[in-house]
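All remarks here apply to the structure that follows.
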Amino acid sequence: MFDTEFIKRLEYLSLLSKRVFKGQLLAQRRTKQTGGGVEFADHREYIHGDDLRYLDWGVYARHGDMLLKRFQEEEDLHVYVLLDASVSMNTAVTEPGGGLNKFDFARQLAASLAYIALADLDRVSIVAYDERVRHTLPLMRGKDNVLSLLRFLENLETSGQQTNLAAVVDDFSRRAPRTGLALVISDLYDHLGFKQGIDALRHRQFEPHVIQVHTLAEAKPDLLGDVELRDVESSRTMKVTVTERKLKQYEQLFSQFIDEIEGYCRIYGLSYTRATTDVPFDEVLLKMMRVAGAIS
Amino acid sequence: MNFVSPERLIWLWVAAPIIFFYLLKTRLRKQPVATLMFWDQVFEQKRQRTLLQRLRHWLSLLLQLIFVSLLVSALVDPLWSGQQESSRQVVLLLDNSASMSAIEKNGTTRLADAKDKALEIVRELRDGDEIALITAGSVVRVVVGMTDFGPAVRDAVKQVQETDGPTRVSEAIETARRLAADDVRREIIVLSDFCFREATPVNEAPDIRVIPVGDEVDNVAITQFQVRRSLVDPIGYSTLVEVQSFSDVPVDCRLTVKLGDDLVDVIPLKLEEGQPFRRTITDASQAGGILTAKIDVDDALDSDNLARAVLPKRTRIPVTLVTPEPSLYLESVLQAIPLVNLTVQSDAPEKAPAGGFIVLHRTVPQTLPSGPLLVIDPNSDSDAWKIGDRIPEPIVIAQDPDSPLLPHVRLTNVVLPGAREMEFTDNATPLLTSADGTTLMASLVRPQGRMVVLSVELDSGDLPLRIAFPVLMTNAVNWFLSRDGELQPALSTGKLLDVTCSASEGSDWVWVDIDGDVHPATTSEMTATVGPIDKVGLIEVGSRRDVTAKQLAAQQQEQDSGEAADTNKSVLATKDLYQFAVNLSDAAESDLRPQIENAKAQDIRFGSGARSIWFYLTIIAFGLVIGEWFLYQRRIVG
Chain F
1 MFDTEFIKRL EYLSLLSKRV FKGQLLAQRR TKQTGGGVEF ADHREYIHGD DLRYLDWGVY
61 ARHGDMLLKR FQEEEDLHVY VLLDASVSMN TAVTEPGGGL NKFDFARQLA ASLAYIALAD
121 LDRVSIVAYD ERVRHTLPLM RGKDNVLSLL RFLENLETSG QQTNLAAVVD DFSRRAPRTG
181 LALVISDLYD HLGFKQGIDA LRHRQFEPHV IQVHTLAEAK PDLLGDVELR DVESSRTMKV
241 TVTERKLKQY EQLFSQFIDE IEGYCRIYGL SYTRATTDVP FDEVLLKMMR VAGAIS
Chain P
1 MNFVSPERLI WLWVAAPIIF FYLLKTRLRK QPVATLMFWD QVFEQKRQRT LLQRLRHWLS
61 LLLQLIFVSL LVSALVDPLW SGQQESSRQV VLLLDNSASM SAIEKNGTTR LADAKDKALE
121 IVRELRDGDE IALITAGSVV RVVVGMTDFG PAVRDAVKQV QETDGPTRVS EAIETARRLA
181 ADDVRREIIV LSDFCFREAT PVNEAPDIRV IPVGDEVDNV AITQFQVRRS LVDPIGYSTL
241 VEVQSFSDVP VDCRLTVKLG DDLVDVIPLK LEEGQPFRRT ITDASQAGGI LTAKIDVDDA
301 LDSDNLARAV LPKRTRIPVT LVTPEPSLYL ESVLQAIPLV NLTVQSDAPE KAPAGGFIVL
361 HRTVPQTLPS GPLLVIDPNS DSDAWKIGDR IPEPIVIAQD PDSPLLPHVR LTNVVLPGAR
421 EMEFTDNATP LLTSADGTTL MASLVRPQGR MVVLSVELDS GDLPLRIAFP VLMTNAVNWF
481 LSRDGELQPA LSTGKLLDVT CSASEGSDWV WVDIDGDVHP ATTSEMTATV GPIDKVGLIE
541 VGSRRDVTAK QLAAQQQEQD SGEAADTNKS VLATKDLYQF AVNLSDAAES DLRPQIENAK
601 AQDIRFGSGA RSIWFYLTII AFGLVIGEWF LYQRRIVG
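Quick note, the sequences are listed as chains F and P, same order.
Numbered according to the numbering used here, the first sequence terminates at residue 296, and the numbering increases by one at each position without gaps.
Numbered according to the numbering used here, the second sequence terminates at residue 638, and the numbering increases by one at each position without gaps.
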């Protein structure tokens, strides 16, 4: 899956991100913590016991106010890629011969983002999950670890009987040494709702970035007539007669689902990217870069 | 219930592949999906009626099987319990009388509507049914006898033409009953507008099914139009015209009477229902011609808006009186007859003048002249008679009431002095007979011409002074010239016409209808019978020779008109044919308001519906398949 050509494209994307979007993507973004950096952030009242080395003597000389200078603390960005490895991601089952597998596509995206982060000397960890955390690639730094990262992704397989992002985040946040950027790559087909998991990330001071992956057939299924639908995760079946009207209802519901995710992310200021498997992964990344550039 | 074609039940095997393919089709296709969370919402309400969902599939199959069953049932052609006893003998009775030519509000004639309905009936025939077609207009015609070959009747129905004749439904029903003698199997279907008086009895007959056509429409008609020569004016004539309105509202119109192209009278009319307009129009014309009456009204029936009559031409009649001594009475009477050109001479000519006759008074030549001959008081024998002694008291005790020579003449108990006993050699018709059985007056029809013999001495009695004598002479003139008192009545359609023909014209008589087609006449002795005549207009009657000569002359004239430069060609001499006018003149036909109420059109004798069962089965079957397709194949129900 991750051949030489793929790695070349990753390198290209990495260079492109540095040249065009310098300081605007992933690790080059500043953390929100203030502390012992060199870049001035703001003042605050002096409190007894503060280090007098950070007292702004100039202000004190001019106005007599004792203000303490605060600086932006620069530190390595921790990037966590939460990759949905539930069975619903395996479209080789649901759509045999239907183009690129959704899980493969998600792994390509994960590899790309991780590569860019590693190239930017950030710390990267990958967590594969279904209803719980299945596999974890521990935090690593530097491009030297690219091969092990790709190998990890390549060895992943879909599993589980459902998707439970909330439970995964709960487990993951306890294991994570510190907060950081959490890239959730998933189809978000979570029966309990995707919001609980994202909310949990937010509440635990992670910075979630939602990347939703789905296929065109999931948005507009080509089904008519009497069919027995089987949920590939739960193996639950449903015998229905699909009519044109029902298909329209389905498409309407799916569209509402997309709108709900977009609305949620917009409300909480989260980055959101929706990608379908018919679009090459690098175009999706370029789109993400453009969005980041536009925002900044 | 029975079936006409039970062997077609084999088509029920069609259900087998339907069931097979249905099971094949309804076998559920398994489709793995990434999640059911959306489908759960889509079919959230559907799952609440799972039982209906299951039954729905079987209902679809059931509908398809019912569809096949209905189609197969239609194929086997089931019969009602009343139908299975025997096949039917259907007699279609199609009224093509004048009133059926009326144009309805939809622009079609009543006959066209009736033909459409007749074709529907023919289409509904089942195997084993027999059908016949009779037309009931003008004359009853069996167009197609009883047959089980429907297409023949269908073609014949299409060929039926309108006539201007009266309705003959009653006669047609009798014909139909003779044609289909089996009371049980017989079904007479009358397609008519029922604009005739005996419509109600027809409606009530048990073996008759009536199918009325046409709506009630207003009409104005000339119901009578006759012309005759005046009895007092040699060139005068009288015309009786009657116009009626068959409308509930008053109608204003105008009656125009013309003689040829000459206007005779224009009469404005305001016609009320049940108040016919009648008037006698008098005028004078020696030349005669075609008298027409026309009402300018736009109504449903055209054929009764125009009527025609033939006014005979008045020609001078050359009469040669051969008498050894002047006879004042006889000369005066003959000269008093209008249009007579009298010539008196003592020697008898060899033949009568053209268009006239000879009167032999007290003289008998050795050889009787050819042509019409009136012999009065013959004094010697001839080839045709032998005379005897004078009769002492020749009182008339009997006269032929049917003879055309004696209308308006009454000589019974009149003494005719000087009459002689006479013995006729040929077959003579006695006209006046004395008490001892002696023939006092007789008529003969010789090969050379007609002859009347009156053995009365005019100067001895008072016969010349009686009114009967000039009338008798006038009758003789008319008989010689084959004129019936100058009265040539216009005919009504559907009637027969008797024309008295002369021996010289032969026995092969024909008549020419308004379209120019020649039809043979039935000739009996001196009478040619033509008709019945279906169309209004002018017809001509004559010997085949004369008719042929006239047609040739017409063709030659047509050719001559095409070759304008060649003007020296001779025109064939032709003899005028007898011309007669034919009018509808039937108030019952002109009254376009149906005379039937509560028609039992739906009362079918055999108890079935208006159509065969297979028709309804087919309709239901296709209704089912449309419903099934709408509900399932289009997947409206999901």
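A virtual CB, placed ideally from N, CA and C, is assigned to each residue, including glycine.
Note that the coordinates shown come from a computational prediction; the quantities given were computed from them, not determined experimentally.
Subject >> Beta carbon proximity, P/LEU36 to chain F, threshold 7 Å >> reply: Position 36 of the second sequence, counting from 1, holds the residue named residue 36 of chain P. Cβ-Cβ to chain F under 7 Å: yes for P/LEU36.
**OP:** Using a Cβ-Cβ cut-off of less than 9 Å, list which residues of the segment 56 to 69 of chain F approach chain P; keep chain order.
**Re:** Under the 9 Å Cβ criterion, the segment 56 to 69 of chain F contributes no residue.
Original post:
When the cut-off is 7 Å and only beta carbons count, does F/MET288 lie next to chain P?
Top reply: Counting from one through the first sequence, the residue named residue 288 of chain F turns up at place 288. Taking Cβ atoms only, chain P never reaches closer than 7 Å to F/MET288, which makes this a no.
**OP:** May I ask you to report which of helix, strand or coil DSSP gives F/ASP190?
**Re:** Start at 1 with the first residue of the first sequence, and residue 190 of chain F comes out as number 190. The answer is coil: DSSP assigns F/ASP190 none of H, G, I, E or B.
Subject >> Identity of the residue in F/GLU157, F/THR273, F/LEU147 nearest F/HIS289 by Cα >> reply: Position 289 of the first sequence, counted from the first residue, corresponds to residue 289 of chain F. The question names His, but residue 289 of chain F in the sequence shown is Met. For F/MET289, the nearest C-alpha among the options comes from F/THR273.
Original post:
What does DSSP give as the partner residues of F/MET238 in its beta bridges?
Top reply: If you number the first sequence from 1, residue 238 of chain F lands on position 238. Looking at the DSSP output, F/MET238 sits in a beta bridge with F/LEU229.
Original post:
For chain P, is any of its Cβ atoms less than 7 Å away from the one on F/LYS239?
Top reply: Position 239 of the first sequence holds residue 239 of chain F. Cβ-Cβ to chain P under 7 Å: yes for F/LYS239.
**OP:** Jot down the residue ranges of each uninterrupted alpha helix (DSSP H) in the segment 100 to 185 of chain F, minimum 4 residues, whole runs only, in chain order.
**Re:** 102 to 119, 146 to 154, 165 to 175
**OP:** Closer than 7 Å by C-beta to P/TRP511: which residues in its own chain qualify, once you throw out the five before and the five after it? Chain order, please.
**Re:** By one-based count along the second sequence, residue 511 of chain P stands at place 511. Counting only Cβ-Cβ distances below 7 Å, and skipping sequence neighbours, we find HIS519, ALA521, VAL530, ILE539, GLU540, VAL541.
Original post:
Taking only beta-carbon atoms, is P/LYS30 less than 7 Å away from chain F?
Top reply: What you label residue 30 of chain P is simply residue 30 of the second sequence in a count that begins at 1. Yes, contact with chain F.
Original post:
If contact means a Cβ-Cβ distance below 8 Å, which residues of the segment 245 to 257 of chain F contact chain P?
Top reply: ARG245, LYS246, GLN249, TYR250, LEU253, PHE254, PHE257
**OP:** Using a cut-off of 9 Å between C-beta atoms, extract the partners of F/VAL227 located in chain P.
**Re:** The residue you call residue 227 of chain F lines up with position 227 of the first sequence. At a C-beta separation below 9 Å, F/VAL227 has these neighbours in chain P: LEU28, ARG29, LYS30, GLN31.
**OP:** Kindly indicate if chain F contains any beta-carbon less than 7 Å away from that of P/PHE615.
**Re:** Reading the second sequence from its first residue, position 615 is the one you call residue 615 of chain P. So, not an interface residue.
Original post:
In terms of alpha-carbon separation, which member of F/ARG178, F/VAL168, F/THR4 lies closest to F/HIS78?
Top reply: By 1-based counting over the first sequence, the position of residue 78 of chain F is 78. It is F/ARG178.
Original post:
Residues bridged to P/TYR578 by DSSP?
Top reply: Here residue 578 of chain P refers to the residue found at position 578 when the second sequence is read from its first residue. Answer is P/VAL541, bridged to P/TYR578.
Subject >> Range of the contiguous alpha helix (DSSP H) that encloses P/THR527 >> reply: Looking up residue 527 of chain P in the second sequence gives position 527. First-last for P/THR527: 527 to 530, but that is the beta strand (DSSP E), not the alpha helix (DSSP H).
Subject >> Whether P/VAL453 touches P/VAL375 by CB criterion (7 Å) >> reply: For the purposes of this step, residue 453 of chain P is identified with residue 453 of the second sequence, where counting begins at 1. For the purposes of this step, residue 375 of chain P is identified with residue 375 of the second sequence, where counting begins at 1. Yes, Cβ-Cβ distance for P/VAL453 and P/VAL375 is below 7 Å.
Original post:
Considering only C-alpha positions, which residue in the set P/GLU331, P/ARG177, P/GLU242, P/ASP347 is nearest to P/ILE295?
Top reply: Here residue 295 of chain P is taken as the residue at index 295 of the second sequence, counted from 1. Per the Cα distances, P/GLU242.
**OP:** Kindly indicate which three-state DSSP category P/SER443 falls into: helix, strand or coil?
**Re:** Sequence index remark: in the second sequence, residue 443 of chain P carries index 443 (1-based). P/SER443 falls in the strand class under three-state DSSP.
Subject >> Own chain partners of F/LEU188 with C-beta closer than 7 Å, once the 5 adjacent residues on each side are dropped >> reply: The residue labelled residue 188 of chain F in the question sits at position 188 within the first sequence. Counting only Cβ-Cβ distances below 7 Å, and skipping sequence neighbours, we find PHE194, GLN212, ILE261.
Subject >> Outcome for P/PRO639 when other beta-carbon atoms lying within 10 angstroms are tallied against a minimum of 16 >> reply: Given a span of 1 to 638 for chain P in the structure shown, any question on residue 639 of chain P remains unanswerable.
Original post:
Considering only residues of the same chain and omitting the five flanking positions on each side of P/PRO430, which have a CB-CB separation below 6 Å?
Top reply: Residue mapping note: residue 430 of chain P aligns to position 430 of the second sequence, counting from 1. Around P/PRO430: THR439, ALA442.
Original post:
Excluding the five sequence neighbours on either side, which residues of its own chain have a C-beta within less than 6 Å of the C-beta of P/LEU71, listed in chain order?
Top reply: The count along the second sequence starts at 1 and reaches residue 71 of chain P at position 71. Once the five neighbours on either side are set aside, the close Cβ partners of P/LEU71 are ALA621.
**OP:** Compute the Euclidean distance between the alpha carbons of F/ALA200 and F/GLY58, then round it to the nearest angstrom.
**Re:** For the purposes of this step, residue 200 of chain F is taken as residue 200 along the first sequence, with counting starting at 1. For the purposes of this step, residue 58 of chain F is taken as residue 58 along the first sequence, with counting starting at 1. Spanning the two alpha carbons is a distance of roughly 44 Å.
Subject >> Neighbourhood of P/VAL415 by C-beta, 6 Å cutoff - its chain only, sequence neighbours within 5 removed >> reply: By 1-based counting over the second sequence, the position of residue 415 of chain P is 415. So the qualifying residues of the chain are ILE395.
Original post:
Since P/VAL364 contacts P/PRO378 with CB under 8 Å, what's their CB separation in whole angstroms?
Top reply: Within the second sequence, residue 364 of chain P is the residue found at index 364, counting from 1. Within the second sequence, residue 378 of chain P is the residue found at index 378, counting from 1. At roughly 5 Å, the Cβ-Cβ gap stays under 8 Å, so P/VAL364 and P/PRO378 are in contact.
Subject >> Under the three-state DSSP convention, the category F/MET66 falls into >> reply: Here the question's residue 66 of chain F lines up with position 66 in the first sequence. F/MET66: coil per DSSP, three-state reduction.
Original post:
Does any residue of chain F bring its CB to less than 7 Å from the CB of P/PHE630?
Top reply: As a position in the second sequence, residue 630 of chain P is number 630, starting the count at 1. So no, P/PHE630 is outside the interface.
Subject >> P/ASN219: first and last residue of the uninterrupted beta strand (DSSP E) it sits in >> reply: Your numbering for residue 219 of chain P matches position 219 in the second sequence. Note, P/ASN219: beta strand (DSSP E), 219 to 229.
Subject >> P/ALA448 (DSSP reduced to helix, strand or coil) >> reply: As a working note, residue 448 of chain P is residue 448 in the second sequence. Note on identity: in this sequence residue 448 of chain P is Gln, with Ala being the wrong assignment. Coil.
**OP:** Could you tell me which residues DSSP puts in a beta bridge with P/VAL33?
**Re:** The residue you call residue 33 of chain P lines up with position 33 of the second sequence. In the DSSP output, where bridge partners are listed per residue, P/VAL33 has F/ASP231.
Original post:
In three-state terms, what does DSSP make of P/HIS408?
Top reply: Numbered from its first residue, the second sequence carries residue 408 of chain P at position 408. In the displayed model, P/HIS408 falls within coil according to three-state DSSP, outside both helix and strand.
Subject >> Contacting residues, own chain, Cβ-Cβ under 7 Å from F/GLU95 (five flanking each side not counted) >> reply: Counting from one through the first sequence, the residue named residue 95 of chain F turns up at place 95. Only THR215, ALA217 meet the Cβ criterion.
Subject >> Length of the line joining the Cα atoms of F/ASP144 and F/PHE257 >> reply: Your numbering for residue 144 of chain F matches position 144 in the first sequence. Your numbering for residue 257 of chain F matches position 257 in the first sequence. Spanning the two alpha carbons is a distance of roughly 40 Å.
Original post:
Shortest alpha-carbon distance to P/PHE20 belongs to which of P/LEU577, P/GLN64, P/VAL139?
Top reply: Taking the second sequence and counting its residues from 1, one reaches residue 20 of chain P at position 20. Distance from the Cα of P/PHE20 is smallest, within the candidate group P/LEU577, P/GLN64, P/VAL139, for P/GLN64.
Subject >> Where P/LYS495 falls: helix, strand or coil (DSSP) >> reply: Working through the second sequence from its first residue, we reach residue 495 of chain P at position 495. P/LYS495 falls in the coil class under three-state DSSP.
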